[in-house]
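Okay, structure first, notes after.
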Amino acid sequence: MLAWESACATHRWLGLWPDEIYGSSETGVLAWRHRQADARLWQPFPGVKISRVDDAFHVTSPLIRAPEGLLLDDILHIEDNGQFSIVGRRGRVVKIEGQTHLTD
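Numbering-wise, the sequence shown is residues 1 to 104 according to the UniProt record's numbering.
Set out below in structure tokens:
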């Protein structure tokens, strides 16, 4: 996720607010947001369904081959309208620009 300070710097430099895409290699694109505020929520793309399963979140999408979908490693807060925020991770592994990293 793009830090708010980086979003502001992008706006100052280009005169445009950045759009962010949320997803992974395994899931493909899942959601987007147009950053004009620090706490902007993510909007799922059409056909993407995210639901809570116990302490995890399950996603189905036209881009996910498995009909049962996949479990996400991210912890989400889902609003009544389907938009969501990312509030944490279940695991310590993150992949950034194709590189796998362990978080503290």
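Using N, Cα and C, we set each Cβ at its ideal position, and we do this for glycine too.
Here the structure is a predicted model, which is why all the values come from computation and not from measurement.
Boundaries (first-last residue) of the alpha helix (DSSP H) holding R12:
On the sequence shown, residue 12 is found 12 positions in, with the first residue counted as 1. Taken as a continuous stretch (DSSP letters only), the alpha helix (DSSP H) holding R12 covers W4 to L14.
Closest to L41 by CA distance: which of G88, R90, E79 and R89 is it?
To locate residue 41, count along the sequence shown from 1; it is residue 41. When each option's Cα is compared against that of L41, the closest is E79.
Among L76, N81 and F84, which has the Cα closest to the Cα of R90?
One-based indexing of the sequence shown puts residue 90 at position 90. Nearest C-alpha to R90: L76.
Among all the DSSP beta bridges, which residues are the ones paired with R52?
Working through the sequence shown from its first residue, we reach residue 52 at position 52. R52 pairs with F57.
Given a threshold of 16 other Cβ atoms within 10 Å of its Cβ, counted over all protein chains shown, does L16 qualify as buried or as exposed?
On the sequence shown, residue 16 is found 16 positions in, with the first residue counted as 1. Burial call: exposed.
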